[in-house]
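Working notes for the structure below.
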Amino acid sequence: MDIYCNFNTAASRKNASLVEKEQLKAQLLLNIRSCLSYLLPRGTFRGDKFYVGNVQGDKGKSLVVELSGSEAGLWHDFATKEGGDIIDLWAEVHRKSTRTEFTEVIDSIAEWLGHFKKIKTDKTAGNPTAYWDYYDENGQAIVRVYRYDDDSGKRYLPFDIKKSTFSVPEIRPLYNIPGILKSDKIILVEGEKCANALIEQGVTATTAMSGANAPIEKTDWTPLKGKHIIIWPDNDEAGKKYAEKSAMKLTCLGVEELCILEIPKDKPKGWDAADCVKEGINVEKFLSLILQVPYVKKLSTTEEFSKVQKAGRCISLSAIPVIKYLNDKSPMPKDIIVPRILTPGGLLVFAGAPKVGKSDFLISWLLHMAGGIPFLNMMPTRPLKIFYLQTEIGYHYMRERLQQIKLNEELLEIAGYNLVITPQVELLLNDDSIEIIVDKIESSFGSNAVDIIAIDPLRNIFDAGENSSENDNNAMLFFLQERVGKLRKLANQDAGVILVHHTKKMQKKSLEEDPFQSFSGASSLRGFYTTGIIMHRPDEQQSKRQLIFELRNGHAIASKYIDKINNNWYVVDYESQRLVNKDYGQRLDAERSRRYSTINLYGRDVYIQ
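For the sequence shown, the working numbering begins at 108 and goes up steadily by one.
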């Protein structure tokens, strides 16, 4: 007896076969780079491997996917010990189970791949040398752009997937929309090749279809609204015009902040983002070094835009209505050192007269912060990663000082790896040394971000160009912004910086009225820091010091009197010490009175004679 089954009335693939799974898997592997860019847009391509932090799509390198060979599509998360094939990865990213929700997983893959089945190539044009897929906000491919190279040069042919025709959509989408939607900062480049080069480095990038030739008014720029945009033009005249037109359009659209990258003068004509990657340049470092300040202000007129272009600077300017400040109830950023001693991205200037004990004090302070324990009522929020760039104490004398500090073994075990100190070094803080320092910071802490960069002292590493002096206000501002600021930006934008500095000799009157006027050099330093601390010895005959605080972003902190006892620093009661020495003081006063009386009597006798 023959049995006929009508599968047309069955539920959608309730019993999806292993054959179908293998077919879908094969199609995914044929489009593996597009698939991974869609699933995990924050990941990076490195050779034959794809790296990402986890199946949630965070940045990192814990999860690795093979891109070629017999193991293509296999992945392993070294943090969670999970892994599988490309189907398993698809399911994990979509939070589905291949055991209990296999049908839904297969359906979603088939739906995504369904668009690729409609794509055709123009057989009359020959074989394409490359192609790029444009996706919508749902991750669905909507346009494929083919590149053809022949004797007449290169040309591009877009295929509208929805219409299944070789034509340009009336309103052209931006490239990498899924990545744009998940990122706050976007690099706008010329062409898909440049965009892909940056995406494979873990940088979110996009381009308008047709690059520099894109009709601005026929491109849908709305995915970039409210974003931080850096425009990276090709190094030619067409690139400059593309950047200007795009900038004006984005300004009208309402991006959060905008900047046009100024290509270094030593780069050849036509040099672009893809060339940058090909040369082995670290893209994020390159951007940080080229951009003097992270973003340019919102531009509202062609004239204003022109001024900023000619100035060659990127100026940050945000304007926020008061109501937004009032309504924002989100938690404040956590201090690096409580209470508001050092805040994320903050600058602390620690100053004192020569030989007052600044470096000795700082070593103990940083050691405690690295161990995650309080020091003189200053508390780290956790054990901190600290890079101490000091230029005065040699290796042997530094180890001698460290070995004299009495700390328990448990603290030293933690702080011993969290605090990294340079022995005596001779360098000026400039573009060349900044790269060396950042490399050393990264090799010291690995994937962990540095929390504090301490520089001791400012005078030894000060460099603001030729004929500049730390007494010059403009030179000091340049040093703080273009040297210290650049170092922080490359190492960790949220890191706190501690600058050790000298004070002039402090008179009693200036100490009482405004001790922070005693900073050596330019007065502009004071207007730049978030916290100032002065270490002062009130009585040269006594060992105790006074710490005076000035905070920009917190409640006032009362002065502290401190002393070093048995190689450890302690807060002391200044009045108590005065009482302990009261008898000694009274004897001194009596001796002064006796001498004064003797002098007066002698003078009177001389006058009578």
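Backbone N, C-alpha and C fix where the C-beta goes; we use that ideal spot for every residue, glycine too.
Notebook entry, point to check: Contact between the stretch 340-351 and the stretch 273-286: three or more CB pairs below 8 Å?
Noted result: Counting Cβ pairs under 8 Å, fewer than three are found: no touch.
Margin query: Tell me the DSSP secondary structure of K156 in three-state form.
Written below: Three-state DSSP puts K156 in a strand.
Item checked: Contact check, Q577 vs A629, beta carbons under 8 Å -> Contrary to the premise, residue 577 reads as Glu rather than Gln in this sequence. The answer is yes: Cβ separation under 8 Å.
Notebook entry, point to check: What three-state label does DSSP hand H503 in the structure shown?
Noted result: Here DSSP, grouped into helix, strand and coil, assigns H503 to helix.
Notebook entry, point to check: Who pairs with F626 in a beta bridge, going by DSSP?
Noted result: Bridge partners of F626: T610.
Note to self: What does the Cβ neighbour count give for S666, buried or exposed, with the cut at 16 atoms within 10 Å?
What the structure shows: Of the other Cβ atoms in all chains shown, fewer than 16 fall within 10 Å of the Cβ of S666; this residue is therefore exposed.
Checklist line | Opening and closing residue of the alpha helix (DSSP H) in which N138 lies | finding: Run containing N138: none; DSSP gives neither H nor E here.
Next item on the list: Return yes when the Cβ of P461 is within less than 8 Å of the Cβ of T450, no when it is not.
Entry: With respect to the 8 Å criterion, T450 and P461 are not classified as neighbours on the basis of their beta carbons.
Next item on the list: Quick one: grab the DSSP three-state call for H662.
Entry: In the structure shown, H662 sits in coil (DSSP, three-state: anything other than H, G, I, E or B).
Note to self: Extract the residue ranges of the alpha helix (DSSP H) inside the stretch 538-591, only unbroken runs of 4 or more that lie entirely within it.
What the structure shows: Fully enclosed alpha helix (DSSP H) runs of 4 or longer: 538-552, 565-568 and 580-585.
Check: Can you tell me whether DSSP reads Q130 as helix, strand or coil?
Finding: If DSSP states are grouped into helix, strand and coil, Q130 belongs with the helices.
Note to self: What does DSSP give as the partner residue(s) for P446 in the beta ladder?
What the structure shows: Under the DSSP definition of a beta bridge, P446 lacks any partner.
Checklist line | Length of the line joining the Cα atoms of V527 and K616 | finding: In a straight line, the C-alpha of V527 is about 40 Å away from that of K616.
Next item on the list: Classify W287 as helix, strand or coil using the three-state DSSP reduction.
Entry: It should be pointed out that residue 287 corresponds to Ile in this sequence rather than to Trp. In this structure, I287 counts as helix in the three-state DSSP scheme.
Next item on the list: Alpha carbon to alpha carbon, how far is T151 from I301? Give it in angstroms, no decimals.
Entry: The amino acid at residue 301 is misidentified as Ile; the sequence shows Cys. Cα to Cα, C301 sits roughly 15 Å from T151.
Notebook entry, point to check: When DSSP labels each residue in this structure, what does L536 get in the three-state scheme?
Noted result: Three-state result, L536: coil.
Item checked: At least three beta-carbon pairs within less than 8 Å, the stretch 487-495 to the stretch 554-561 -> Between the stretch 487-495 and the stretch 554-561 there are three or more C-beta pairs closer than 8 Å, enough to call the two in contact.
Margin query: What would DSSP say about W339, mapped onto helix, strand or coil?
Written below: Three-state result, W339: coil.
Checklist line | D243 to N283 span [Cα, whole Å] | finding: Rounded to whole angstroms, D243 to N283 spans 8 Å at the Cα level.
Margin query: Is the beta carbon of V390 closer than 8 Å to that of L331?
Written below: When the beta-carbon positions are compared, L331 and V390 stay at least 8 Å from each other.
Next item on the list: Give the C-beta separation of G453 and T638 to the nearest angstrom, bearing in mind that I take them to be a contact with Cβ-Cβ under 8 Å.
Entry: Contact flag correct, Cβ pair sits at about 6 Å.
Item checked: D195 versus T205 - alpha carbon distance -> Going by the C-alpha atoms only, they are around 7 Å apart.
Notebook entry, point to check: Based on Cα-Cα distance, which residue from L518, I541 and N537 lies nearest to E573?
Noted result: Nearest of L518, I541 and N537 to E573, Cα basis: N537.
Item checked: In DSSP terms, what A380 is bridged to -> None, per the DSSP bridge assignment.
Checklist line | Assigned secondary structure, E620 (DSSP; H/G/I helix, E/B strand, else coil) | finding: E620: helix per DSSP, three-state reduction.
Margin query: Is it buried or exposed, E589, if we count other Cβ atoms within 10 angstroms and call 16 or more buried?
Written below: The residue is buried, with at least 16 neighbouring Cβ atoms inside 10 Å.
Item checked: Residues that R254 bridges to, as DSSP identifies them -> In the DSSP output, where bridge partners are listed per residue, R254 has A237 and Y263.
Note to self: Are the CB atoms of L618 and H643 within a distance shorter than 8 Å?
What the structure shows: Against a cut-off of 8 Å, the Cβ pair of L618 and H643 comes out as a contact.
Item checked: Proximity below 8 Å, CB of V310 to CB of K334 -> No. Outside cutoff.
Checklist line | Buried versus exposed, by CB contacts within 10 Å (16 or more), K385 | finding: Classification for K385: exposed.
Checklist line | Touching by the beta-carbon criterion (3+ pairs, under 8 Å), the stretch 153-160 and the stretch 315-326 | finding: Counting Cβ pairs under 8 Å, fewer than three are found: no touch.
Note to self: If you measure between the beta carbons of L654 and I672, is that distance less than 8 Å?
What the structure shows: The answer is no: Cβ separation not under 8 Å.
Notebook entry, point to check: Using a Cβ-Cβ cut-off of 8 Å (strictly less than) and excluding sequence neighbours within five positions of H183, which residues of its own chain qualify?
Noted result: Result list for H183: L170, V171, E189 and G190, in chain order.
Check: Under the criterion of a Cβ to heavy atom distance below 7 Å, does L357 qualify as lining the ligand MG?
Finding: This structure lacks the ligand MG; in fact it carries no ligand of any kind.
Check: How would you label R420, buried or exposed, when you count the other beta carbons within 10 angstroms and need 16 or more for buried?
Finding: Because R420 carries a pLDDT of 41, less than 50, the predicted location of this residue cannot be relied on, and the following value inherits that uncertainty. Its Cβ having fewer than 16 others within 10 Å, R420 is exposed.
Item checked: Where the alpha helix (DSSP H) containing E189 begins and where it ends -> It is not in any alpha helix (DSSP H) - E189 instead sits in the beta strand (DSSP E) that spans E189 to G191.
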